[in-house]
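Residue numbers (this note's numbering): 64 to 291.
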């Protein structure tokens, strides 16, 4: 099998992982919302057990799916010609993803433990904040899935001008090697396998590679165009 064919397969594997984790992220948001509603419709030990199950699913499935979905999506943007700010639909997804991760890690993920603590203490648990947060997160992730499929907006004006210049000069962004794609696919396995504090390694890779690509692009721009 040729190297370019293996690279193409690796890129498709990264795309498949992004689709899989994105669907899992949205599905688990809906499952968590269903568990919250079921919990408040129950009484006594059943209510507490339902919320504990919701917390278990959040820690073991929902949070890793969210991190993997964001990581694979960002790396696809960084590795391919899609970029982060070349297409409006990609830019919207990027901004939404970062916003959701920040809100989830700083606000929503802290609400469920507070509800469980209140139930164990026999106090009145807060309902509106966690319901609103979970419902909002589910709607936002579903919207991002629609954006990924529909791709409703075109290129930004700046990217359209850059693309026109590249075509005129006969330049094309180089394809990352199979080794790069393999490392990108291996990094989440290392992070989760060794129980590292995520998303330090995954998002550190996104930032590091984006900086590297930006520096390389500026170096290429500084080189004189090839004479046909």
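Heads up, the beta-carbon is just placed ideally off N, CA and C, and yes, glycines get one too.
### CA nearest to the CA of residue 179, picked from 237, 240, 130 and 110
For the purposes of this step, residue 179 is taken as the residue at position 116 of the chain shown. The option with the nearest alpha carbon to residue 179 is 110.
### Buried versus exposed, by CB contacts within 10 Å (16 or more), residue 249
The residue given as residue 249 occupies position 186 in the chain shown. Looking at its Cβ environment, which holds fewer than 16 other Cβ atoms inside 10 Å, residue 249 is exposed.
### Query
Between the beta-carbon of residue 160 and the beta-carbon of residue 207, is there less than 8 Å?
Position 97 of the chain shown holds residue 160. Position 144 of the chain shown holds residue 207. Yes, the pair counts as a contact, with Cβ atoms nearer than the cut-off.
### Message
Which residue marks the beginning of the alpha helix (DSSP H) containing residue 206, and which one marks its end?
### Response
Position 143 of the chain shown holds residue 206. Per DSSP, residue 206 belongs to the alpha helix (DSSP H) from 191 to 213.
#### Entry: Reduced DSSP secondary structure (H/G/I, E/B, other) of residue 156
As a first step, residue 156 must be located in the chain shown, where it is residue number 93. Three-state result, residue 156: helix.
### Query
Residues bridged to residue 71 by DSSP?
In the chain shown, counting from the first residue as 1, residue 71 sits at position 8. Beta-bridge pairing links residue 71 to no other residue.
### Query
Three or more C-beta pairs closer than 8 Å, one from the stretch 255 to 271 and one from the stretch 111 to 131: is that the case here?
The stretch 255 to 271, when compared against the stretch 111 to 131, does touch it at the 8 Å Cβ threshold.
### Message
For residue 178, report the span of its alpha helix (DSSP H) as first-last.
### Response
On the chain shown, residue 178 is found 115 positions in, with the first residue counted as 1. Per DSSP, residue 178 belongs to the alpha helix (DSSP H) from 172 to 184.
### Query
Is residue 68 buried or exposed, if buried means 16 or more other CB atoms sit within 10 Å of its CB?
As a position in the chain shown, residue 68 is number 5, starting the count at 1. When all chains shown are included, residue 68 counts as exposed.
### Query
Can you tell me the Cα-Cα spacing of residue 280 and residue 149, whole angstroms?
Along the chain shown, one-based indexing puts residue 280 at 217. Along the chain shown, one-based indexing puts residue 149 at 86. Cα to Cα, the separation comes out at about 14 Å.
### Message
If we require 4 or more residues per run, which alpha helix (DSSP H) segments fall completely within the stretch 101 to 131?
### Response
Counting only runs of 4 or more, we get 107 to 120.
### Task
Tell me whether residue 149 sits in a helix, a strand or coil according to DSSP, three-state version.
Taking the first residue of the chain shown as position 1, residue 149 is located at position 86. Coil.
### Message
Output needed for residue 239: all residues of its chain with C-beta closer than 6 Å, excluding positions within five of it in sequence on either side, in chain order.
### Response
For the purposes of this step, residue 239 is taken as residue 176 along the chain shown, with counting starting at 1. Scanning its chain for C-beta atoms nearer than 6 Å, with the 5 sequence neighbours on each side dropped, one finds around residue 239 the residues 142, in chain order.
#### Entry: Residues near residue 311 by beta carbon distance below 6 Å, same chain, minus five either side
The structure shown does not extend to residue 311, since the chain spans only 64 to 291, so no value can be given for it.
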